[in-house]
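> In terms of the working numbering, the sequence shown opens at residue 955 and continues consecutively.
I'd like to ask you about the structure that follows.
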Amino acid sequence: MPVSFDTVAKEALDLTPRQRLKLAEVLLVSADGEPDSDCQEAWDAEIKARILAIDEGRETGVSFEEVMEEADNLLAQ
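This is how it looks when you write it as structure tokens:
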């Protein structure tokens, strides 16, 4: 039996920030194919900078619930 989207999303949110970023990369590649190398290098640098900022406590993540609430509010406008 297939796993529901909500189950996958909840389990993905239990991953470390680094694991979530890797999962996001895998999902994007599966949807769009391999990105061009210049773009990939830029995203790799951005991802590393964001991970470092989270690891050092300079940034915090946003919960799935907060993101979905904001998306719902924007779509309702």
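Ideal Cβ placement from N, Cα and C applies to all residues, glycine included.
Keep in mind that this is a model prediction, so the values were computed, not measured.
Can we say the stretch 957 to 973 touches the stretch 983 to 992, given the rule of at least three CB pairs closer than 8 Å?
No: the two stretches stay apart, fewer than three of their Cβ pairs being nearer than 8 Å.
> Could you spell out where the alpha helix (DSSP H) holding Ser991 opens and where it closes?
In the sequence shown, the residue the question calls residue 991 occupies position 37. It spans Ser991 to Asp1009 - the alpha helix (DSSP H) in which Ser991 sits, taken as one unbroken run.
> Let me make sure I understand the geometry here. Which of Lys1002, Ser958, Asp968 and Val957 has the alpha-carbon closest to that of Glu979?
If you number the sequence shown from 1, residue 979 lands on position 25. Of Lys1002, Ser958, Asp968 and Val957, the residue nearest in Cα terms is Lys1002.
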